[in-house]
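Residue numbers (our numbering), protein chains in the order written: chain A, 10 to 177; chain B, -14 to 747. Encoded as structure tokens, the structure appears first; notes follow it.
Structure representation (structure tokens):
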């Protein structure tokens, strides 16, 4: 039995300890926004936040995350300015990688208020977009960074609202 | 290609029905005019009874919401948005009230395929006419309600307006008892709106599918859950064809929690040969059990085939002047070859390339109450539905493919082979099955872009005048593998050929003597299922043609743009045909002339930097998208490494229906072109691709992003396709830029640093 917080709600899982967090999130708790791409932590489609830092859930065994805070794309609850910017810049094509892209970018902006072009490229290059929407990803990130003088706090459902998207 | 498209994919003359149903207004195409003549009764009855099996339809409810059904797959091209824009513009609709729905397979939708960059091209006229017919009916009904003359009314923003009076579509729908049939002839009278009056087409608009793709709610095939389903993973055998399972040892798999055993598949369709499927309570359980399973095989014939074997077979084929099927024959190249004073011969090769759709292929299948429900993203439902029927022994009308978003298509999902093992397993165990391929399973089962070999030969006469070009292209053919009945005859009627695999070799340059032979590489065909990979044939024919045009220009000491322009005279067959290819090669010349300015061609650059040009005419002569690319590269002469500073792209696709979608497709396809030019390429080793994941296969990432400058020729010509064409000219433009930078001519894709270094030394 492993307990952790998923998008602000305390949960427990009976999954085998070596099960990657990805499958627990997707198949046990039904949060399908986090995607399976490569299974070896090299595409970034499965990116979630662990205590605020981006991690590749496809390669993170669930027994390593006991008592941590996990946040998925659903946990942003359409409140993160990046999500609006993604629509404004019409970023997604097939969309499959975009949850991971947004989670990775959110982590960047939470720690770096004004990333340079090359900081964005370095930080985001672990996330593959097979449709190659990179130009727009970069523009959307720059846009959100410009709108704020400080780092962009990630919406925290525990403090800001009672609702916990998707987790019941 | 015309034959294939017009007769196979698009039903011909159809009537159009508009009727008030259940408080709303429904509009539908009937399949044939003959059906109309034999059925009596009102339109509403016919629509309700589905007597006409309407193939494409949209409806307006009594709140004025407009629902457009989309029978095309959504894989990133925002196709539903483009199709809905066409309908809504003609209808005079308020875009805010338009919704789309992607539909499941049903014979009423007609032939279902999404590929070839065809969707806008094929739907533009029928959907414009459908919208115009709807507008006509709404105006007639609205005019009656307003007490106005229909001639004095117009439809805009979902309102019927007559002078200072107006009534909403919603109120017309609520009040109007509409019952109207347009014959195919009447329908064909509707011409698309005067471009000056368009409200939506070519105007900025946001894609309807995007918001769901920013919050995790967009549903892909891999997200499907069925009650009581069992998770499954395939054990992909060592050869694509001919493997036979000798024994299975699952003693170690039994230790995996939730392991539910395995199935050895028998597939009457022969799509999968020698397949074992592992079952478990969870997908991770299925992955682990799959790793623990020991399967022994009798191997297929191709177990030892290497990339080099396939390339060598291709080289032998192109050098045999009698090989292949004649696709272009202008003048007499044999005679020219005999009398030419000088010649130039170059061999171009491309490696195997993976689709690597980020969503690995998968399918969930449930056979329930005599119907087989298949849940997955797919591009060519009408191709594999009969194959599923054969595999599981059920009739086609008992099989439904439910459609979801595709986590990448790029042609991989044109071939629905991944549905077969899922359906066979569901049938065998009598339970719903969700079969997911791991990344490694997916790449080993990929229908790769075939390695290709092309020989180009140019001949010059006494006065150093270019006399003609001979072109032979050998590759594995996707159409031969999955749809051989669609292959046309060659010019000499001595054989058939895959048009998708040679398109682009029949280019728009005027040559007095020009021969093209399409050659199948049987070793490629045996070793794997050659796939349609974004741009398909033009992805390699464009590489050879446009690299070779540069070689010729340099040999003749002519500027490569001037040289190309000299052959783009739009004479004879290159004059083009109205409306689709109106202007012909002149439009290509215009694109070339404009990009010369835009990219500041001919400017002085620092040492080891260069500009390179290439052009393309899209996917096929019957649907040309006129395009050009200028690449600005820098070569490191010590390492052979190539950095792309900038790609300039200019496209003429006629009317740009959804401008931002068009730009997005061209950004993506040009970067694909760059990725295929420099970063992607695998090789067969012992009958399989050697790269199975991102640890060794490295598509372009953000840190290699060049500056992009993409623009579109602004005109109102017939809209053609954009999903693939942007890709074609990029690789040759980069190679031509490398030559201009450092004088190294590279002829193999991908362009690897060691190849550049080797070329520098020669």
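Heads up, the beta-carbon is just placed ideally off N, CA and C, and yes, glycines get one too.
Q.
With the cut-off set at 8 angstroms, would you say residue 315 of chain B and residue 458 of chain B are in Cβ contact?
A. Against the second chain, residue 315 of chain B aligns to sequence position 330. Against the second chain, residue 458 of chain B aligns to sequence position 473. No.
Q) Measuring CB to CB, does residue 669 of chain B end up less than 8 angstroms from residue 685 of chain B? A) The residue given as residue 669 of chain B occupies position 684 in the second chain. The residue given as residue 685 of chain B occupies position 700 in the second chain. No, the pair does not count as a contact, with Cβ atoms beyond the cut-off.
**Q.** Cβ distance (whole Å) where residue 165 of chain B is taken to contact residue 3 of chain B below 8 angstroms
**A.** Along the second chain, one-based indexing puts residue 165 of chain B at 180. Along the second chain, one-based indexing puts residue 3 of chain B at 18. Their Cβ separation, rounded to whole angstroms, is 5 angstroms, which keeps residue 165 of chain B and residue 3 of chain B in contact under 8 angstroms.
**Q.** CB contact check: residue 96 of chain A to chain B, cutoff 8 angstroms
**A.** Within the first chain, the letter at position 87 stands for residue 96 of chain A. Yes, residue 96 of chain A lies at the interface with chain B (some Cβ there is under 8 angstroms from its Cβ).
Q. Do residue 201 of chain B and residue 230 of chain B have their C-beta atoms within less than 8 angstroms of each other?
A. The sequence position of residue 201 of chain B within the second chain is 216, counting from 1. The sequence position of residue 230 of chain B within the second chain is 245, counting from 1. Contact: no.
Q: Over the uninterrupted alpha helix (DSSP H) stretch that includes residue 725 of chain B, give me the two end residues.
A: Sequence index remark: in the second chain, residue 725 of chain B carries index 740 (1-based). Counting along the chain, the alpha helix (DSSP H) containing residue 725 of chain B begins and ends at 715 to 727.
**Q.** Residue range of the beta strand (DSSP E) that includes residue 1 of chain B
**A.** Numbered from its first residue, the second chain carries residue 1 of chain B at position 16. That run of the beta strand (DSSP E) goes 1 to 6.
Q. According to the neighbour-count rule (16 or more other Cβ atoms, all chains shown, within 10 Å of its Cβ), is residue 126 of chain B buried or exposed?
A. Along the second chain, read from residue 1 onward, the residue named residue 126 of chain B stands at position 141. Residue 126 of chain B should be labelled buried.
Q. With DSSP run on the structure shown, which of helix, strand or coil describes residue 183 of chain B?
A. In the second chain, the residue the question calls residue 183 of chain B occupies position 198. Residue 183 of chain B: coil per DSSP, three-state reduction.
Q) Does any residue of chain B bring its CB to less than 8 angstroms from the CB of residue 41 of chain A? A) In the first chain, the residue the question calls residue 41 of chain A occupies position 32. For residue 41 of chain A, the answer is yes, since a Cβ of chain B falls inside 8 angstroms of its Cβ.
(Q) Mapping the DSSP letters down to three states, classify residue 247 of chain B as helix, strand or coil. (A) For the purposes of this step, residue 247 of chain B is identified with residue 262 of the second chain, where counting begins at 1. Residue 247 of chain B: strand per DSSP, three-state reduction.
Q. Any idea what DSSP makes of residue 109 of chain A, helix, strand or coil?
A. Within the first chain, residue 109 of chain A is the residue found at index 100, counting from 1. In this structure, residue 109 of chain A counts as helix in the three-state DSSP scheme.
Q: On a CA-only basis, which of B:614, B:376, B:387 is nearest residue 348 of chain B? Give me that one, please.
A: The residue you call residue 348 of chain B lines up with position 363 of the second chain. Checking every option, the nearest Cα to that of residue 348 of chain B belongs to B:387.
Q) Can you name the residues of chain A whose CB is closer than 8 angstroms to the CB of residue 645 of chain B? A) Locating residue 645 of chain B in the second chain gives position 660, counting from the first residue. The answer, in chain order, is 99.
Q) Quick one: is residue 729 of chain B near chain A, going by C-beta distance under 8 angstroms? A) Here residue 729 of chain B refers to the residue found at position 744 when the second chain is read from its first residue. For residue 729 of chain B, the answer is no, since every Cβ of chain A falls outside 8 angstroms of its Cβ.
Q. Looking at the structure shown, is residue 146 of chain A part of a helix, part of a strand, or coil, going by DSSP?
A. Taking the first chain and counting its residues from 1, one reaches residue 146 of chain A at position 137. Correct three-state label for residue 146 of chain A: helix.
Q | C-alpha gap between residue 734 of chain B and residue 439 of chain B, whole angstroms | A | The residue given as residue 734 of chain B occupies position 749 in the second chain. The residue given as residue 439 of chain B occupies position 454 in the second chain. Each residue's Cα considered, the two are about 12 angstroms apart.
Q: May I ask you to list, following chain order, the residues of the stretch 100 to 112 of chain A that have a beta carbon less than 7 angstroms from some beta carbon of chain B?
A: 101, 102, 103, 104, 105, 106, 107, 108, 111
Q: Residues of the stretch 138 to 163 of chain A with a CB closer than 9 angstroms to any CB of chain B: list them in chain order, please.
A: 138, 139, 140, 141, 142, 143, 144, 145, 146, 147
(Q) Counting only C-beta atoms, is residue 423 of chain B closer than 8 angstroms to chain A at any point? (A) Counting from one through the second chain, the residue named residue 423 of chain B turns up at place 438. Taking Cβ atoms only, chain A reaches closer than 8 angstroms to residue 423 of chain B, which makes this a yes.
Q) Nearest to residue 33 of chain A by CA position, among A:50, A:55, A:115, A:122, is which residue? A) Position 24 of the first chain, counted from the start, is the residue given in the question as residue 33 of chain A. For residue 33 of chain A, the nearest C-alpha among the options comes from A:55.
Q) Ordered along the chain, which non-local residues of its own chain (more than five positions away) have a Cβ less than 7 angstroms from that of residue 94 of chain A? A) What you label residue 94 of chain A is simply residue 85 of the first chain in a count that begins at 1. 149, 152, 153.
**Q.** Unbroken beta strand (DSSP E) run spanning residue 632 of chain B, endpoints
**A.** For this step, residue 632 of chain B is matched to residue 647 along the second chain. From DSSP, the beta strand (DSSP E) with residue 632 of chain B extends over 627 to 637.
Q.
Quick check: is the beta carbon of residue 242 of chain B nearer than 8 angstroms to any beta carbon in chain A?
A. Residue numbering aside, residue 242 of chain B sits at position 257 when the second chain is read from its first letter. Closer than 8 angstroms: yes.
**Q.** Unbroken alpha helix (DSSP H) run spanning residue 537 of chain B, endpoints
**A.** What you label residue 537 of chain B is simply residue 552 of the second chain in a count that begins at 1. 523 to 540 is the extent of the alpha helix (DSSP H) around residue 537 of chain B.
Q: With DSSP as the reference, label residue 18 of chain B as helix, strand or coil.
A: In the second chain, the residue the question calls residue 18 of chain B occupies position 33. Note that residue 18 of chain B has pLDDT 39, beneath the 50 cutoff, so the model's placement of it is unreliable and the number below is only indicative. DSSP places residue 18 of chain B in helix when its eight states are reduced to three.
Q) residue 267 of chain B CB to nearest chain A CB: under 8 angstroms? A) The residue you call residue 267 of chain B lines up with position 282 of the second chain. Interface residue, yes.
**Q.** Test item: CB-CB of residue 550 of chain B and residue 577 of chain B under 8 angstroms
**A.** What you label residue 550 of chain B is simply residue 565 of the second chain in a count that begins at 1. What you label residue 577 of chain B is simply residue 592 of the second chain in a count that begins at 1. Yes. Within cutoff.
Q. Taking Cβ-Cβ distances shorter than 7 angstroms, what residues in chain A pair up with residue 208 of chain B?
A. Translated into the one-based positions of the second chain, residue 208 of chain B becomes position 223. Per Cβ cutoff of 7 angstroms: 41.
Q | CB of residue 146 of chain A within 8 angstroms of CB of residue 110 of chain A, strictly | A | Residue numbering aside, residue 146 of chain A sits at position 137 when the first chain is read from its first letter. Residue numbering aside, residue 110 of chain A sits at position 101 when the first chain is read from its first letter. The answer is yes: Cβ separation under 8 angstroms.
Q | Sequence-distant residues of its chain with Cβ nearer than 8 angstroms to residue 44 of chain A (five each side left out) | A | On the first chain, position 35 is the one that residue 44 of chain A refers to. Excluding positions up to five away in sequence, the list reads 54, 55, 105, 106, 108, 109.
Q) Where residue 395 of chain B and residue 80 of chain B are concerned, what is the direct C-alpha to C-alpha distance, given to the nearest angstrom? A) On the second chain, residue 395 of chain B is found 410 positions in, with the first residue counted as 1. On the second chain, residue 80 of chain B is found 95 positions in, with the first residue counted as 1. Straight-line Cα distance between these residues: approximately 29 angstroms.
Q) Between which two residues does the beta strand (DSSP E) carrying residue 139 of chain B extend? A) Here the question's residue 139 of chain B lines up with position 154 in the second chain. Its beta strand (DSSP E) spans residues 138 to 141.
Q. Applying a beta-carbon distance threshold of less than 7 angstroms, which residues of chain B neighbour residue 36 of chain A?
A. Looking up residue 36 of chain A in the first chain gives position 27. Those within 7 angstroms of residue 36 of chain A in chain B are 267, 268.
Q: Would you please state the rounded distance, in angstroms, between the beta carbons of residue 277 of chain B and residue 237 of chain B? I believe it to be under 8 angstroms.
A: The residue labelled residue 277 of chain B in the question sits at position 292 within the second chain. The residue labelled residue 237 of chain B in the question sits at position 252 within the second chain. Yes, they are in contact, since the Cβ atoms of residue 277 of chain B and residue 237 of chain B sit about 4 angstroms apart, within 8 angstroms.
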